[in-house]
Amino acid sequence: MNRYPLWKYLLILAVLLAGLIYTLPNFFGESPAVQVLPLRASLKADAALLGRVEAALKTANLNAEKVELDGTSIKARFADTDLQGKAKDVLKEQLGEDYVVALNLLPRSPQWLTNLHALPMYLGLDLRGGVHFLLQVDMKAALDKALEAATGDIRVALREENVAYSGVSREGNMLLVKFRDAASRAKGEEQLKQRFADYALNDKEQGGEFLLQATLKPEAEHRIQESAVQQNLLTLRNRVNELGVAEPVIQQQGADRVGVQLPGVQDTARAKDILGRTATLEVRMVDDEHQIVAGAAAPFGTEMFKDRDGKMILVKKQVIFTGERINDAQPGFDNRTNEAAVHLNLDGVGARLFKEATRENVGKRMAIILFEKGKGEIVTAPVIREEIGGGRVQISGSMTTVEAQDTALLLRAGALAAPMEIIEERTV
Numbered sequence: 377m378n379r380y381p382l383w384k385y386l387l388i389l390a391v392l393l394a395g396l397i398y399t400l401p402n403f404f405g406e407s408p409a410v411q412v413l414p415l416r417a418s419l420k421a422d423a424a425l426l427g428r429v430e431a432a433l434k435t436a437n438l439n440a441e442k443v444e445l446d447g448t449s450i451k452a453r454f455a456d457t458d459l460q461g462k463a464k465d466v467l468k469e470q471l472g473e474d475y476v477v478a479l480n481l482l483p484r485s486p487q488w489l490t491n492l493h494a495l496p497m498y499l500g501l502d503l504r505g506g507v508h509f510l511l512q513v514d515m516k517a518a519l520d521k522a523l524e525a526a527t528g529d530i531r532v533a534l535r536e537e538n539v540a541y542s543g544v545s546r547e548g549n550m551l552l553v554k555f556r557d558a559a560s561r562a563k564g565e566e567q568l569k570q571r572f573a574d575y576a577l578n579d580k581e582q583g584g585e586f587l588l589q590a591t592l593k594p595e596a597e598h599r600i601q602e603s604a605v606q607q608n609l610l611t612l613r614n615r616v617n618e619l620g621v622a623e624p625v626i627q628q629q630g631a632d633r634v635g636v637q638l639p640g641v642q643d644t645a646r647a648k649d650i651l652g653r654t655a656t657l658e659v660r661m662v663d664d665e666h667q668i669v670a671g672a673a674a675p676f677g678t679e680m681f682k683d684r685d686g687k688m689i690l691v692k693k694q695v696i697f698t699g700e701r702i703n704d705a706q707p708g709f710d711n712r713t714n715e716a717a718v719h720l721n722l723d724g725v726g727a728r729l730f731k732e733a734t735r736e737n738v739g740k741r742m743a744i745i746l747f748e749k750g751k752g753e754i755v756t757a758p759v760i761r762e763e764i765g766g767g768r769v770q771i772s773g774s775m776t777t778v779e780a781q782d783t784a785l786l787l788r789a790g791a792l793a794a795p796m797e798i799i800e801e802r803t804v
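Here the sequence shown stands for residues 377 to 804, where the numbers follow our numbering.
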């Protein structure tokens with residue numbers, strides 16, 4: 377008969393007991409649930425939102441097993457999927473577009489198991505279930521973005537070569553450069569041909585002005601659109617990695633669509649929020665020369681945006697640089713005020729553009745605008761005190777630490793080359 381020391385039997389028993397405990401969550405099953413998450417940074421998941429959700433469900437005679445505030449979202453559990461689907465429709469109608477309302481499956485495990493980090497086993501989308509998104513890339517926006525960037529680059533190129541010009545404007549998909557005389561136009565055309573090979577240049581005279589038309593070549597247009605899809609694929613992969621999803625599937629479908637499968641996602645609303653947000657950052661100058669008139673349109677060459685206090689600010693349309701120039705973004709704190717902030721590191725081009733802008737606009741205000749879901753919001757609009765070099769930029773202004781972390785995550789994962797819209801969502 378084999379005999380072993382007592383401690384070995386105890387060790388085997390402890391291992392079996394631990395294995396049993398961490399296997400238990402797989403036997404409790406899951407509850408159909410609806411998860412509500414604010415989209416805008418100025419909105420919060422708090423007791424007030426919890427009350428709105430409970431009131432909406434009560435009015436619709438939908439009995440939830442439990443409605444709770446869980447971190448940054450509201451979760452309502454139901455007995456079956458029929459109640460879950462009806463609750464989603466009711467809450468989506470009541471809360472509007474400022475909130476994500478998504479179907480979810482929440483484990484029924486007791487709290488003591490969750491405290492021990494005993495979680496259900498993650499399986500693939502076919503076995504475990506999860507969420508499938510189909511997103512469509514806005515190709516027109518990709519071209520518009522490229523043309524706007526080229527407008528600023530042409531101005532910089534002509535200034536660097538000391539070529540006198542009257543202005544650079546855009547008419548549809550064509551850029552129009554105005555010169556004072558034929559000699560300046562000829563010199564400018566020579567320089568632009570070297571730097572902007574993707575554009576076809578044509579001379580034109582109109583109203584006594586010497587014009588140079590720059591039109592994007594068809595092959596360059598196709599390349600920009602394909603590049604936009606590829607960059608968005610990379611950005612989505614980075615964002616999914618930030619979410620910590622195991623074995624995701626992200627692939628191009630057709631010319632302008634991207635399919636995303638997230639197996640075993642517990643926080644579906646969070647995934648939809650991160651993937652669906654088209655967070656891009658733009659730096660522009662504030663227009664303090666014109667006054668904002670209530671009900672009137674913004675003056676030519678300007679746009680109006682709200683800051684985080686709800687105040688309207690007039691900014692110039694010309695973009696100094698965008699989120700594409702950001703190498704890294706990390707949450708942190710302002711050394712002077714101890715407020716939550718996001719610290720940015722710019723690439724070489726971004727650092728040069730930012731240095732030039734701050735040198736030429738000392739005493740003026742610079743607006744840092746964050747675009748989410750196609751809506752721009754001014755995060756901060758500080759006065760430029762001195763030239764800022766080195767490529768390090770800080771953005772702050774009425775941010776919580778969670779907002780700073782989310783903003784840094786989106787900017788660090790990369791800017792979308794073009795906006796994307798979720799056109800199909802399936803929960804398996």
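Even for Gly, the Cβ is constructed at its ideal location relative to N, Cα and C.
Computed from a predicted structure; not experimentally measured.
Cβ-based neighbour list, residue i, same chain, cut-off 8 angstroms, excluding 5 preceding and 5 following
| i | result |
| --- | --- |
| Phe709 | Glu715, Ala716, Ala717 |
| Ile397 | Leu489, Leu492, Ala494 |
Close-in-space but distant-in-sequence residues of the same chain around residue i (CB under 6 angstroms, 5 per side omitted)
| i | result |
| --- | --- |
| Ala517 | Ala794, Pro795 |
| Leu746 | Leu657, Glu753, Val755 |
| Lys451 | Ala409, Gln411, Glu444 |
Sheet register partners of residue i (DSSP bridge)
| i | result |
| --- | --- |
| Leu503 | DSSP output for Leu503 lists no bridge partner at all. |
| Leu690 | Met680 |
| Gly766 | Answer by DSSP bridge pairing: none, since Gly766 is not bridged. |
| Gly635 | Leu510, Gln627 |
| Gly739 | BP columns for Gly739 are empty, so no partner. |
| Lys451 | Gln411, Glu444 |
| Gln706 | His719 |
| Ser545 | Leu552 |
| Tyr475 | Pro414 |
| Thr591 | Met550, Ala576 |
Helix, strand or coil at residue i according to DSSP, with G and I counted as helix
| i | result |
| --- | --- |
| Ile626 | strand |
| Phe676 | coil |
| Ile668 | coil |
| Ser560 | helix |
| Arg576 | Per the sequence presented here, residue 576 reads as Ala, with Arg not at that position. Of the three classes helix, strand and coil, the one that applies to Ala576 here is strand, per DSSP. |
| Met550 | strand |
| Leu657 | strand |
| Ile760 | coil |
| Met796 | strand |
| Arg484 | coil |
Given residue i as reference, the closest of the options once Cα atoms are compared
| i | options | result |
| --- | --- | --- |
| Gly726 | Leu519, Gly765, Ile760, Thr713 | Gly765 |
| Gly447 | Leu438, Lys434, Phe454, Leu425 | Leu425 |
| Leu467 | Thr435, Glu779, Gln606, Val513 | Thr435 |
| Ser449 | Gly739, Asp456, Val477, Glu441 | Val477 |
| Ala674 | Val662, Arg684, Leu400 | Val662 |
| Thr776 | Lys420, Gln667, Lys384 | Lys420 |
| Glu597 | Glu581, Ile689, Asp574, Asp502 | Asp574 |
| Ile696 | Val669, Ala525, Asp456 | Ala525 |
| Glu801 | Gly767, Glu732, Leu638, Arg701 | Leu638 |
| Ala647 | Gly583, Val507, Val769, Arg571 | Val507 |
| Ser545 | Leu393, Lys731, Gln694 | Gln694 |
| Phe676 | Gly461, His666, Ala522 | His666 |
Contact belief for residue i with residue j at Cβ below 8 angstroms, rounded distance in angstroms
| i | j | result |
| --- | --- | --- |
| Lys692 | Arg660 | 5 angstroms |
| Ala335 | Val553 | The requested residue 335 is not part of the displayed model; the chain covers only 377 to 804. |
| Asp876 | Arg741 | Here the chain covers residues 377 to 804 and nothing more, so residue 876 does not appear. |
| Leu459 | Leu438 | 6 angstroms |
| Leu678 | Leu479 | Correcting the residue type first, residue 678 is Thr in the shown sequence and not Leu. Wrong, their Cβ atoms sit about 42 angstroms apart, outside the cutoff. |
| Leu332 | Ile600 | It is not possible to answer for residue 332, since the shown part of the chain is limited to 377 through 804. |
| Ala757 | Ile668 | About 14 angstroms; that fails the 8 angstroms criterion. |
| Arg735 | Glu763 | 4 angstroms |
Residues of its chain near residue i, where Cβ-Cβ distance is below 7 angstroms and the 5 sequence neighbours each way are ignored
| i | result |
| --- | --- |
| Asp539 | The identity of residue 539 in the sequence shown is Val, whereas the question assumes Asp. Around Val539: Ser560, Lys563, Gly564, Gln567. |
| Leu651 | Phe509, Leu612, Arg615, Val636 |
| Asn703 | Asn721, Leu722, Asp723 |
| Arg453 | Ser407, Ala409, Ala440, Glu441, Lys442, Leu482 |
| Thr698 | Thr656, Leu657, Glu658, Ala791 |
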